[in-house]
Amino acid sequence: MSTAETASQTRPKKLFIRTYGCQMNVYDSDRMADALAPQGYEPTTEIEDADLVLLNTCHIREKASEKVFSELGRLKELQSEKRASGGDLMIGVAGCVAQAEGEEIARRAPVVDMVFGPQAYHRLPDMLARAESQRHMHPSLKKPVIDTDFPEEDKFAHLPAAKKEVTLTRGLTAFLTVQEGCDKFCSFCVVPYTRGAEVSRPVHQVLEEARRLVDAGVKEITLLGQNVNAYHGLDATGRPVGLGELAYLLAEISGLERLRYTTSHPRDMDDALIAAHRDLPLLMPYLHLPVQSGSDRILKAMNRKHTSAEYLALIDKIKAARPDMALSGDFIVGFPGENDQDFEDTLSIIRETGYASAYSFKYSTRPGTPGASLGDQVAEEVKTERLYRLQELVNAQTTAFHASCVGKTMPVLIERVGRMQGQVGGRSPYLQAVHLDGPTSLIGAIHQVEIIGTSTNSLVGRLKQAVAA
Ligand code: SAH
Ligand code: SF4
Ligand code: F3S
Numbered sequence: 001m002s003t004a005e006t007a008s009q010t011r012p013k014k015l016f017i018r019t020y021g022c023q024m025n026v027y028d029s030d031r032m033a034d035a036l037a038p039q040g041y042e043p044t045t046e047i048e049d050a051d052l053v054l055l056n057t058c059h060i061r062e063k064a065s066e067k068v069f070s071e072l073g074r075l076k077e078l079q080s081e082k083r084a085s086g087g088d089l090m091i092g093v094a095g096c097v098a099q100a101e102g103e104e105i106a107r108r109a110p111v112v113d114m115v116f117g118p119q120a121y122h123r124l125p126d127m128l129a130r131a132e133s134q135r136h137m138h139p140s141l142k143k144p145v146i147d148t149d150f151p152e153e154d155k156f157a158h159l160p161a162a163k164k165e166v167t168l169t170r171g172l173t174a175f176l177t178v179q180e181g182c183d184k185f186c187s188f189c190v191v192p193y194t195r196g197a198e199v200s201r202p203v204h205q206v207l208e209e210a211r212r213l214v215d216a217g218v219k220e221i222t223l224l225g226q227n228v229n230a231y232h233g234l235d236a237t238g239r240p241v242g243l244g245e246l247a248y249l250l251a252e253i254s255g256l257e258r259l260r261y262t263t264s265h266p267r268d269m270d271d272a273l274i275a276a277h278r279d280l281p282l283l284m285p286y287l288h289l290p291v292q293s294g295s296d297r298i299l300k301a302m303n304r305k306h307t308s309a310e311y312l313a314l315i316d317k318i319k320a321a322r323p324d325m326a327l328s329g330d331f332i333v334g335f336p337g338e339n340d341q342d343f344e345d346t347l348s349i350i351r352e353t354g355y356a357s358a359y360s361f362k363y364s365t366r367p368g369t370p371g372a373s374l375g376d377q378v379a380e381e382v383k384t385e386r387l388y389r390l391q392e393l394v395n396a397q398t399t400a401f402h403a404s405c406v407g408k409t410m411p412v413l414i415e416r417v418g419r420m421q422g423q424v425g426g427r428s429p430y431l432q433a434v435h436l437d438g439p440t441s442l443i444g445a446i447h448q449v450e451i452i453g454t455s456t457n458s459l460v461g462r463l464k465q466a467v468a469a
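Note that the UniProt record's numbering has the sequence shown beginning at 1, numbered continuously upward.
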């Protein structure tokens, strides 16, 4: 591309991306940086240095989406300061708020140059060129570039891959989006509207990206999707392949040592995926399997399409296949109509399942979702009290889980120098942070570590023996 060639000869422009929301946004932010690299943009961690700031936004709860407008207020000031000293700043809003409220953002915040949804990231260089051509127009004539279409073409096929040296700087673990969008329509959730219908990337594309990551030194890959276990990408013969089968294919990549996936829906945990957990040592024994509520009445109103008994039976089946499996979950308290008994049922399912960790949220009414038109909203103080009780229970379970690890020896992926001199830090199979005494030469590989204690939110270990590479 000739524009890229000329751009690369001039001073590199600086790109700052602020990421809100889920892991998929984290992945997307990297892909946006990759898409802008050929345009001469280099990432910076200092917002003041940026020529272009992108906000990668989240719409999942009201609080998350409100942050966008306050951040835009601050960016407007930064832009004025830069202009006063002869510089400039371009501003783009990406992600799920952009998708849901594109026109509204452009109207409320004229400071914005571009507003574009998650399905338009491959068109970013083109949008940027259009926005740049407006730079010197009179403010009254300037119009932000808006792109919130769901394209026909394959976004991923058009997004450039990261250069090997860039991947190297991103660490030993990497995200890889294999599925996007959602067809489940839980009645509280905006994702089917912000990310669109479920789309799975073809198998060869996923394998190619995984190989590229491993070739650049990545040891652990987390497959991402809003509904990742509904994955059904096509293979070379046009046959749909499920997540379980995909895991076996990924397991053949030499040098890939750990595989995770998130987020799963209980209804899509099929036998092939459970068998993969039984058969594949690289598939980590830690599963994020949200249930949201333990009350069948509320589960029905949420349109989750399963009962609490079905969830518990599923957990039994998974643990039968992989006895060392630990679970994490998501819970919503105060869904419309949730009474004391419904909430007690949620506490019961938590007690019965036993989570290594869990995320919990107060129900937030989202415009356009079926939940928004339900009566019988739960009072804010009730939600606060329920959230507190739920978190107390979950925190106790997390503490108990950490304590149960003491005395065990587990493989730890050593990723970095530790907080203290002479220490290194890494992750257990259960994503716990582990600190141990050891030389920095341990970094970059998996080592057997005996867990000898716990500290707040992390484990203390002692090196047992190096695992042969
Ligand atoms: N696809 C995943 C969840 C994606 S959203 C799944 O099906 O489990 C991540 C979490 O945010 C959800 O699991 C839910 O607990 C929470 N969440 C989603 N919408 C919400 C809302 N309107 N109010 C409060 N929490 C919500
Ligand atoms: Fe949202 Fe439900 Fe889809 Fe998860 S499965 S993304 S909660 S609609
Ligand atoms: Fe938020 Fe969109 Fe992820 S709404 S949780 S950033 S899919």
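Positions of the beta carbon are idealized from the N, C-alpha and C atoms, including for glycine.
Can you give me the Cβ contacts of L413 inside the same chain, cut-off strictly under 8 Å, excluding the 5 residues immediately before and after it? Looking up residue 413 in the sequence shown gives position 413. Excluding positions up to five away in sequence, the list reads L172, T173, K219, E220, E257, R258, G426, R427, A445 and I446.
Please list, in chain order, all residues of the same chain as H59 whose beta carbon is under 6 Å from its beta carbon, the five residues on each side excluded.
Within the sequence shown, residue 59 is the residue found at index 59, counting from 1. Here the set comprises S65, C96, V97, A100, V190 and T194.
For a quick check, are the C-beta atoms of T440 and V460 less than 8 Å apart? Position 440 of the sequence shown holds residue 440. Position 460 of the sequence shown holds residue 460. Contact: no.
Closest by C-alpha distance to M206, when choosing among P192, G217 and G225
Taking the sequence shown and counting its residues from 1, one reaches residue 206 at position 206. A small fix is needed here, since residue 206 is Val in this sequence, not Met. For V206, the nearest C-alpha among the options comes from G225.
First through last residue of the alpha helix (DSSP H) which encompasses K63 = By 1-based counting over the sequence shown, the position of residue 63 is 63. Note, K63: alpha helix (DSSP H), E62 to A84.
Exercise. Do you know whose CA, among A50, Y286 and E209, lies nearest A157's CA?
Worked result: Here the question's residue 157 lines up with position 157 in the sequence shown. Measuring from the Cα of A157, the nearest candidate turns out to be E209.
Length-filtered (3 minimum) beta strand (DSSP E) runs lying within the stretch 393 to 466: 409 to 417, 423 to 427, 433 to 437, 446 to 455 and 458 to 466
- Message: Quick check on the burial criterion: 16 or more other C-beta atoms within 10 angstroms. Buried or exposed for S348?
- Response: Reading the sequence shown from its first residue, position 348 is the one you call residue 348. So S348 ends up on the exposed side.
So, G21 versus T57, is the Cβ gap smaller than 8 Å? Counting from one through the sequence shown, the residue named residue 21 turns up at place 21. Counting from one through the sequence shown, the residue named residue 57 turns up at place 57. For G21 and T57, yes; Cβs fall inside 8 Å.
Is any heavy atom of ligand 2 found at a distance shorter than 7 Å from the C-beta of F331?
Taking the first residue of the sequence shown as position 1, residue 331 is located at position 331. Flag unset: Cβ of F331 not near ligand 2.
- Message: According to DSSP, is T6 part of a helix, a strand, or is it coil?
- Response: Counted from its first residue, the sequence shown places residue 6 at position 6. In this prediction, T6 has a pLDDT of 47, which is less than 50 and means its spatial position is unreliable; what the coordinates show is noted afterwards. Three-state DSSP puts T6 in a helix.
Closer than 6 Å to ligand 3: residues, by C-beta to nearest heavy atom, in chain order: G21, C22, M24, N25, C58, H59, I60, G95, C96, V190, V191, T194, R195 and Q226
For E42, does the three-state DSSP call read helix, strand or coil?
Along the sequence shown, one-based indexing puts residue 42 at 42. Correct three-state label for E42: strand.
Within 10 angstroms of its Cβ, does P240 collect 16 or more other Cβ (buried), or is it exposed?
For this step, residue 240 is matched to residue 240 along the sequence shown. P240 is exposed by the Cβ-count criterion.
Is DSSP giving A98 helix, strand or coil here?
-> Counting from 1 along the sequence shown, the entry for residue 98 is found at position 98. Helix at A98.
Practice task
Classify residue 471 as buried or exposed, calling it buried when 16 or more other Cβ atoms lie within 10 Å of its own Cβ.
Solution key: Because the chain spans 1 through 469 in this model, residue 471 falls outside it and cannot be assessed.
**Q.** Strand pairing of R260, partner residues [DSSP]
**A.** For the purposes of this step, residue 260 is taken as the residue at position 260 of the sequence shown. According to DSSP, which records beta bridges pairwise, R260 is partnered with T222.
Using only the alpha-carbon positions, how far apart do V111 and G73 sit?
Your numbering for residue 111 matches position 111 in the sequence shown. Your numbering for residue 73 matches position 73 in the sequence shown. Distance between the alpha carbons of V111 and G73 is about 9 Å.
Specify, as a first and last residue, the run of the alpha helix (DSSP H) that N25 falls within. Looking up residue 25 in the sequence shown gives position 25. Counting along the chain, the alpha helix (DSSP H) containing N25 begins and ends at Q23 to L36.
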